[in-house]
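Beneath this line is the structure, given in structure tokens, with notes to follow.
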Amino acid sequence: MSSIQGDSLRGHLETLVLSSLRRGEAHGFEILRRLEEAGSPALKLKEGSLYPALYRLESAGLIKGEWEDGATARRGPRRRVYRLTPKGRKRFEQARAEFQQFVTVIGGILGAAV
Amino acid sequence: MNRKPVDPFESLVADLMRPVVAGSRRRRAMREELLAHLCQAYAEELSLGVEESAARQAAVRRFGDLADLQSQLQASVPSFERWLVSLFGSKEIVMSIGPRVAGWVMCFVGGAFMFGLAVVLPATAKLAQALPPASQSGRVLDAAMTLKLSLMSLLAFSSLVTVAGLGILAYVFVTRNKAARG
């Protein structure tokens, strides 16, 4: 299977992040792991590009980030843990419905199995 | 979990963040989070048995094109914040009081103009009515109409400035409340 990466993913990255956070709160690295697990081995994300997407989602109030607490037995720089807000959950449902419609319509035109 | 060579990653993240225009709090947060990610990627490579320098290179490669990331990070900064930082620098004090001061000044100036125009506009209308019929030539009426339109435009502009000022104050209020909650 050829990999999906770069520009093909860019338009969907934010929805993918919302989808990943439906499984519970997570920091950036964990979000990537979840996405790669779900889309493996076809999904090839440039890991850095996750963070601007997280910042945009947070500015839009779709996710909320908090620094992990100091009690975590982990050394090194702190990580930010993100969780979905009710607005983000609603936005995800809407985006999923839009995508399903897109796949149905375009898939039908292209003659691809939907 | 994170092992030694934090330093090369620190300098890479510092280079990455250097051209990004944002408030110092946001820059610090971005820097720390990106650094944490690189350290984790490095640790993951090491745990797969990759040799140290190759693990470092792999972590950076996985991160993606740095110039592209730089422009994405910049685009994720709200334009108002970018504008403020470009204007005043990234001092935290400017980020905290700048919007508030701008909001109050806009409300005050816009409100003062609106108040003044609320007095002047009815007065000019009365003046136009009070003109003797002999003086109501085409040129005088044109001048009165131009004056009225100018004052109305000024009133509309003052209202816009006041509303923008109120919007900024509301934004500051909401942002501060959010920050206070968590």
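As they're listed, the protein sequences go chains A and B. Per the working numbering, the first sequence starts with residue 7, numbered consecutively. Per the working numbering, the second sequence starts with residue 461, numbered consecutively. The beta-carbon is built from N, C-alpha and C at its ideal position, and this holds for glycine as well.
For residue i, the three-state DSSP class (helix, strand or coil)
i                 : result
Val87 of chain A  : strand
Leu495 of chain B : helix
Lys50 of chain A  : strand
Leu19 of chain A  : helix
Arg29 of chain A  : coil
Ala572 of chain B : helix
Pro468 of chain B : helix
Gly509 of chain B : coil
Leu615 of chain B : helix
Arg463 of chain B : Low local confidence applies: a pLDDT of 48 at Arg463 of chain B is under 50, so the model's placement there is unreliable, with the coordinate-based value given in what follows. Coil.
Ala603 of chain B : helix
Gly483 of chain B : coil
Pro582 of chain B : helix
Gly82 of chain A  : coil
heavy atom of the ligand NAP below 7 Å from residue i C-beta
i                : result
Leu38 of chain A : Absence of the ligand NAP from the depicted structure is noted, as is the absence of any ligand whatsoever, leaving it without description.
Whole-angstrom distance between residue j and residue i, CA atom to CA atom
i                 : j                 : result
Glu74 of chain A  : Lys50 of chain A  : 27 Å
Ala489 of chain B : Thr91 of chain A  : 20 Å
Gln530 of chain B : Gly563 of chain B : 31 Å
Val109 of chain A : Phe575 of chain B : 57 Å
Gly627 of chain B : Arg542 of chain B : 18 Å
Arg95 of chain A  : Val634 of chain B : 21 Å
Leu116 of chain A : Phe98 of chain A  : 26 Å
Ile557 of chain B : Ala482 of chain B : 15 Å
Gly625 of chain B : Ala59 of chain A  : 29 Å
Ala590 of chain B : Cys567 of chain B : 35 Å
Ala501 of chain B : Tyr631 of chain B : 37 Å
Leu526 of chain B : Ala616 of chain B : 46 Å
Ser536 of chain B : Asp528 of chain B : 13 Å
Ile112 of chain A : Ala66 of chain A  : 29 Å
Spatial neighbours of residue i in its chain, beta-carbon cut-off 7 Å, leaving aside the 5 residues before and after
i                 : result
Tyr504 of chain B : With the sequence shown as reference, residue 504 of chain B is identified as Glu, and Tyr is not the correct amino acid for it. So the list is empty, once near-sequence residues are dropped.
Phe644 of chain B : There is simply no residue 644 of chain B to check, as chain B begins at 461 and stops at 642 in what is shown.
Arg84 of chain A  : Trp73 and Glu74
Gly571 of chain B : Thr622
Ser546 of chain B : Val481
Endpoints, the beta strand (DSSP E) within which residue i is located
i                : result
Gly34 of chain A : It is not in any beta strand (DSSP E) - Gly34 of chain A instead sits in the alpha helix (DSSP H) that spans Gly34 to Gly45.
Residue of the options minimising C-alpha distance to residue i
i                 : options                                   : result
Arg516 of chain B : B:Asp467, B:Ser613 and B:Ser618           : B:Asp467
Val87 of chain A  : A:Tyr61, A:Gly117, A:Ala66 and A:Glu43    : A:Tyr61
Ala583 of chain B : B:Arg487, B:Lys608 and B:Ala527           : B:Lys608
Glu470 of chain B : B:Ala519, B:Pro592 and B:Gln534           : B:Ala519
Val473 of chain B : A:Gly54, A:Gly45, A:Val111 and A:Thr21    : A:Gly54
Glu493 of chain B : B:Leu476, B:Val632 and B:Gly509           : B:Leu476
Cys499 of chain B : A:Gly113, A:Gly45 and A:Arg81             : A:Arg81
Gly17 of chain A  : A:Ile112, A:Ala101, A:Gln107 and A:Gly114 : A:Ala101
Phe548 of chain B : B:Met605, B:Ser484 and B:Val600           : B:Ser484
Residues of its chain near residue i, where Cβ-Cβ distance is below 8 Å and the 5 sequence neighbours each way are ignored
i                 : result
Leu56 of chain A  : Leu19, Val23, Gly34, Ile37 and Leu38
Arg40 of chain A  : Ser26, Arg29 and Ala32
Leu611 of chain B : Leu577, Val580, Leu581 and Thr584
Glu42 of chain A  : Leu49 and Leu51
Leu620 of chain B : Gly570
Leu495 of chain B : Val466, Phe469, Glu470 and Val473
Residue i: first and last residue of the uninterrupted alpha helix (DSSP H) it sits in
i                 : result
Lys70 of chain A  : Segment Ile69 to Trp73 is the beta strand (DSSP E) holding Lys70 of chain A; no alpha helix (DSSP H) there.
Val520 of chain B : Glu512 to Phe523
Arg95 of chain A  : Pro92 to Leu116
Pro58 of chain A  : Leu56 to Ser65
Leu529 of chain B : Leu526 to Ala535
Leu544 of chain B : Ser539 to Phe548
Neighbourhood of residue i by C-beta distance below 6 Å, restricted to the same chain and skipping five residues each side
i                 : result
Gly71 of chain A  : Glu64, Arg86 and Tyr88
Arg491 of chain B : Val473 and Met477
Met461 of chain B : Any reading at Met461 of chain B needs caution, since the residue's pLDDT is 47, under 50, leaving its predicted position unreliable; the model's value is listed next. If we look at Met461 of chain B and ignore the five residues flanking it on each side, its Cβ neighbours are Ala503.
Gln534 of chain B : Val480
Arg560 of chain B : Val632
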